[in-house]
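For reference, the structure is listed below as structure tokens.
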Amino acid sequence: MGIYDIEVTDASGEAHKLAEYEGKAMLIVNTATKCGLRGQFDSLEQLYKNYSEEGLVVLGFPSDQFGQELGEAEEAEQSCRMTYGVTFPMHEIIKVNGTDAHPLFKYLTDNTKGFLGSGIKWNFTKFLVDREGNIVKRYAPKDKPETFEDDIRKILNK
Numbered sequence: 000m001g002i003y004d005i006e007v008t009d010a011s012g013e014a015h016k017l018a019e020y021e022g023k024a025m026l027i028v029n030t031a032t033k034c035g036l037r038g039q040f041d042s043l044e045q046l047y048k049n050y051s052e053e054g055l056v057v058l059g060f061p062s063d064q065f066g067q068e069l070g071e072a073e074e075a076e077q078s079c080r081m082t083y084g085v086t087f088p089m090h091e092i093i094k095v096n097g098t099d100a101h102p103l104f105k106y107l108t109d110n111t112k113g114f115l116g117s118g119i120k121w122n123f124t125k126f127l128v129d130r131e132g133n134i135v136k137r138y139a140p141k142d143k144p145e146t147f148e149d150d151i152r153k154i155l156n157k
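Its first residue numbered 0, the sequence shown is counted upward by one per residue in numbering that gives the first Met the number 0.
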């Protein structure tokens, strides 16, 4: 199974496979609207605006696994859109670790290693996936999105 076989559900409840993004670069992020790192929404949105026409899609996956998310996916999405001006796709609230981890994050963590092994340490762990569906790099929660813009340009052939 590859990343394009994984089904995700957006914040409004619509399910689709990541194959929808085949041929695009993906920046996949576990988010939380009450997290101290939530200022990264601005940087993520800026990257999305700057590179979406070149083929980058930022995908936000709210998680309350660390107790820093609102109760419902639509509420989290609305907070992101109203407070941070987020226009990139947001998804249902998921678990990123453990036996109940969403298949996408199970796939991402099984195929990368972070500071504490393969699990997600905190909100705003980011994964950069190239146009062919290969995980290029995993970024720590405190890695600000603008610091790896060169990596994004590289996979977009900019």
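Glycine included, every Cβ here is placed at the ideal spot set by N, Cα and C.
Measuring alpha carbon to alpha carbon, tell me which residue in the options is nearest residue i.
{"i": "N122", "options": "E91, E145 and G59", "result": "G59"}
{"i": "G97", "options": "K16, L107 and G118", "result": "G118"}
{"i": "E145", "options": "V135, E53 and Y47", "result": "Y47"}
{"i": "D63", "options": "F40, S42, G132 and A100", "result": "A100"}
{"i": "K120", "options": "A18, D150 and Y138", "result": "Y138"}
{"i": "A24", "options": "F126, H15 and P140", "result": "F126"}
{"i": "T86", "options": "L103, R37, A31 and V57", "result": "V57"}
{"i": "R37", "options": "P140, D109 and I2", "result": "P140"}
{"i": "E21", "options": "Y3, E44 and G12", "result": "Y3"}
{"i": "A31", "options": "L55, R130 and I93", "result": "I93"}
In three-state DSSP terms, what is residue i?
{"i": "R152", "result": "helix"}
{"i": "P140", "result": "coil"}
{"i": "S42", "result": "helix"}
{"i": "K105", "result": "helix"}
{"i": "F60", "result": "strand"}
{"i": "A18", "result": "helix"}
{"i": "S11", "result": "coil"}
{"i": "Q67", "result": "Only weak support exists for where Q67 lies, its pLDDT of 49 falling under 50; the value from the coordinates is given anyway. Reduced to three states, the DSSP call for Q67 is coil."}
May I have the straight-line CA-CA distance separating residue i from residue j, to the nearest angstrom?
{"i": "A10", "j": "N156", "result": "31 angstroms"}
{"i": "L26", "j": "M0", "result": "19 angstroms"}
{"i": "I5", "j": "N133", "result": "14 angstroms"}
{"i": "Q39", "j": "E53", "result": "21 angstroms"}
{"i": "E19", "j": "V135", "result": "19 angstroms"}
{"i": "V7", "j": "H15", "result": "6 angstroms"}
{"i": "L107", "j": "F147", "result": "18 angstroms"}
{"i": "V95", "j": "M89", "result": "15 angstroms"}
{"i": "P61", "j": "Y50", "result": "22 angstroms"}
{"i": "I151", "j": "R130", "result": "11 angstroms"}
What is the C-beta distance between residue i and residue j, in whole angstroms, given that I count them as a contact (C-beta under 8 angstroms)?
{"i": "N29", "j": "T111", "result": "Rounded, the Cβ-Cβ distance is 13 angstroms, inconsistent with contact."}
Is there a C-beta anywhere in chain B that falls below 7 angstroms from the one on residue i?
{"i": "G97", "result": "Absent from the structure: chain B. Only one protein chain is present."}
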